[in-house]
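**Student:**
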Amino acid sequence: MTTFLDRVVAVLTAFRADDDGLGAAELARRSGLPKSTAHRIALDLVDAGLLERRGARVRLGLRLFEIGQRVPRQRVLRDAAVPYMSDLREATRQTVHLAVLEGREVVYVEILGSSGGPRLPSQVGGRLPAHVTGVGKAILAFSPPEVVKSVLGADLVKTSERSVTAPGLLAKELERIRDEGVAYDREESGRGIVCAASPVLGPDGLAIGALSVSGWSTKLRPSVVAPAVHTAALTLSRTLGAD
Numbered sequence: 001m002t003t004f005l006d007r008v009v010a011v012l013t014a015f016r017a018d019d020d021g022l023g024a025a026e027l028a029r030r031s032g033l034p035k036s037t038a039h040r041i042a043l044d045l046v047d048a049g050l051l052e053r054r055g056a057r058v059r060l061g062l063r064l065f066e067i068g069q070r071v072p073r074q075r076v077l078r079d080a081a082v083p084y085m086s087d088l089r090e091a092t093r094q095t096v097h098l099a100v101l102e103g104r105e106v107v108y109v110e111i112l113g114s115s116g117g118p119r120l121p122s123q124v125g126g127r128l129p130a131h132v133t134g135v136g137k138a139i140l141a142f143s144p145p146e147v148v149k150s151v152l153g154a155d156l157v158k159t160s161e162r163s164v165t166a167p168g169l170l171a172k173e174l175e176r177i178r179d180e181g182v183a184y185d186r187e188e189s190g191r192g193i194v195c196a197a198s199p200v201l202g203p204d205g206l207a208i209g210a211l212s213v214s215g216w217s218t219k220l221r222p223s224v225v226a227p228a229v230h231t232a233a234l235t236l237s238r239t240l241g242a243d
């Protein structure tokens with residue numbers, strides 16, 4: 001039996017990072033709720049400032065963004081990471097990502113786009129399955145065994161023809177990442193997208209996030225930028241450990 005809070009969460013999580021507004025029918029379809037229920041909850045959320053009207057559609061409201069900025073893990077990690085991310089972008093002329101693990105997905109906390117370069121499809125607040133991304137694999141390699149087990153035991157979906165969906169192959173790759181400290185995405189998250197990523201570690205040696213340098217395969221050689229990414233992540237880890 002679902003509670004009212006469950007239905008509210010279903011409505012809010014129906015929105016994707018690139019949505020500029022959803023109509024009642026699409027909101028009901030994505031949330032799995034009856035159209036009348038989804039519509040009524042959406043109106044209540046508009047009154048609360050969590051959603052905004054856009055004609056006949058609704059979209060996520062500014063108040064949600066304001067609340068999100070108060071999340072301690074995101075705020076502290078982002079604030080500490082931005083200077084290192086800026087240096088990485090300056091050194092590589094590529095897009096730099098900061099992400100954290102949420103369940104079996106990564107959530108992008110900050111993205112510094114490359115000046116004059118082609119835009120990547122990633123967005124702040126956007127999500128991707130952890131096993132298809134460099135940042136996700138970097139975090140998983142330095143996560144507790146039960147977290148890794150939950151990912152390996154789940155349905156490993158493909159987001160491109162190069163996504164690794166065999167648990168055994170993924171487990172071997174995580175072992176390599178633990179040894180080298182660097183993870184790669186070689187068009188596994190999407191066609192033409194490559195990256196090098198490295199974990200940001202807490203004092204206990206477990207990952208609290210990851211940094212990556214990403215770009216198009218025609219413009220970026222991940223192995224070339226990997227040392228810079230690794231160094232930035234290590235330095236950020238030390239900075240956070242000293243605070």
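At position 225 of the sequence shown (counting the first as 1) the number is 225 in full-length UniProt numbering, and the numbers step up by one without a gap. A virtual CB, placed ideally from N, CA and C, is assigned to each residue, including glycine.
Pull up the distance between the alpha-carbon of Asp243 and that of Asp204, whole angstroms please.
**Tutor:** Taking the first residue of the sequence shown as 1, we reach residue 243 at position 243. Taking the first residue of the sequence shown as 1, we reach residue 204 at position 204. For Asp243, the predicted structure reports a pLDDT of 48, less than 50, and the residue's modelled location is therefore unreliable. A value from the coordinates is still provided. Going by the C-alpha atoms only, they are around 14 angstroms apart.
**Student:** Who does Tyr184 pair with in a DSSP beta bridge?
**Tutor:** Numbered from its first residue, the sequence shown carries residue 184 at position 184. Beta-bridge pairing links Tyr184 to Ala196.
**Student:** For Gly103 versus Arg57, is the C-beta distance shorter than 8 angstroms?
**Tutor:** The residue given as residue 103 occupies position 103 in the sequence shown. The residue given as residue 57 occupies position 57 in the sequence shown. No, the pair does not count as a contact, with Cβ atoms beyond the cut-off.
**Student:** Under three-state DSSP, which class holds Ser143?
**Tutor:** For the purposes of this step, residue 143 is taken as the residue at position 143 of the sequence shown. Residue state, collapsed to three classes: coil.
**Student:** Pick from Ser212, Gly192 and Thr235: whose alpha carbon is nearest that of Lys219?
**Tutor:** Within the sequence shown, numbered from 1, the residue matching residue 219 stands at position 219. When each option's Cα is compared against that of Lys219, the closest is Gly192.
**Student:** Exposed or buried, Pro129, counting other C-beta atoms within 10 Å across all chains shown (16 or more means buried)?
**Tutor:** Start at 1 with the first residue of the sequence shown, and residue 129 comes out as number 129. By the 10 Å Cβ count, Pro129 comes out buried.
**Student:** Just to confirm my understanding: we take Asp87, look at its own chain, exclude 5 residues before and 5 after, and list those with CB closer than 8 angstroms. What are they?
**Tutor:** Taking the sequence shown and counting its residues from 1, one reaches residue 87 at position 87. Excluding positions up to five away in sequence, the list reads Ala232.
**Student:** Just the Cα atoms here: how many angstroms apart are Arg7 and Ala38?
**Tutor:** Position 7 of the sequence shown holds residue 7. Position 38 of the sequence shown holds residue 38. Cα to Cα, Arg7 sits roughly 8 angstroms from Ala38.
**Student:** On the DSSP letters alone, give me the boundaries of the beta strand (DSSP E) that Val213 sits inside.
**Tutor:** Mapped onto the sequence shown, residue 213 falls at position 213. Unbroken beta strand (DSSP E) run through Val213: Ala207 to Trp216.
**Student:** Identify the residues that DSSP records as bridge partners of Ala99: which are they?
**Tutor:** As a first step, residue 99 must be located in the sequence shown, where it is residue number 99. The partner list for Ala99 (beta bridge, DSSP) reads Tyr108 and Ala210.
**Student:** Where DSSP assigns a beta bridge to Glu52, which residues make up the other side?
**Tutor:** As a position in the sequence shown, residue 52 is number 52, starting the count at 1. Answer by DSSP bridge pairing, in chain order: Arg59.
**Student:** The alpha helix (DSSP H) with Arg30 in it runs from where to where?
**Tutor:** The residue you call residue 30 lines up with position 30 of the sequence shown. Ala24 to Ser31 is the span of the alpha helix (DSSP H), which, as asked, contains Arg30.
**Student:** Going by DSSP in three states, Pro121 sits in which element: helix, strand or coil?
**Tutor:** Here residue 121 is taken as the residue at index 121 of the sequence shown, counted from 1. Pro121: coil per DSSP, three-state reduction.
**Student:** Throw me the rounded Cβ distance for the Leu120 and Thr159 pair, which I believe falls under 8 angstroms.
**Tutor:** Taking the first residue of the sequence shown as position 1, residue 120 is located at position 120. Taking the first residue of the sequence shown as position 1, residue 159 is located at position 159. About 14 angstroms separates the two Cβ atoms, so there is no contact after all.
**Student:** In whole angstroms, what is the alpha-carbon distance linking Ala14 and Leu27?
**Tutor:** The residue labelled residue 14 in the question sits at position 14 within the sequence shown. The residue labelled residue 27 in the question sits at position 27 within the sequence shown. One C-alpha to the other measures close to 7 angstroms.
**Student:** For Arg191, report the span of its alpha helix (DSSP H) as first-last.
**Tutor:** Mapped onto the sequence shown, residue 191 falls at position 191. Taken as a continuous stretch (DSSP letters only), Arg191 belongs to no alpha helix (DSSP H), as it is neither H nor E.
**Student:** In this structure, how does DSSP classify Leu236 when only helix, strand and coil are distinguished?
**Tutor:** The residue you call residue 236 lines up with position 236 of the sequence shown. Helix at Leu236.
**Student:** For Ile208 and Ile67, I'd like the C-alpha separation in whole angstroms.
**Tutor:** In the sequence shown, residue 208 corresponds to position 208, counting from 1. In the sequence shown, residue 67 corresponds to position 67, counting from 1. Their backbone Cα atoms lie some 21 angstroms apart in a straight line.
**Student:** Can you give me the C-alpha to C-alpha distance between Ala174 and Arg54, rounded to a whole angstrom?
**Tutor:** Here residue 174 corresponds to residue number 174 of the sequence shown, with the count starting at 1. Here residue 54 corresponds to residue number 54 of the sequence shown, with the count starting at 1. Ala is not the amino acid found at residue 174; the sequence shown has Leu there. If you take the alpha carbons of Leu174 and Arg54, they lie about 44 angstroms apart.
**Student:** Pick helix, strand or coil for Ala14, following the three-state DSSP scheme.
**Tutor:** On the sequence shown, position 14 is the one that residue 14 refers to. Ala14: coil per DSSP, three-state reduction.
**Student:** Measure the alpha-carbon distance for Val151 versus Asp47 and round it to whole angstroms.
**Tutor:** As a first step, residue 151 is located in the sequence shown; it is residue number 151 there, counting from the start. As a first step, residue 47 is located in the sequence shown; it is residue number 47 there, counting from the start. Each residue's Cα considered, the two are about 38 angstroms apart.
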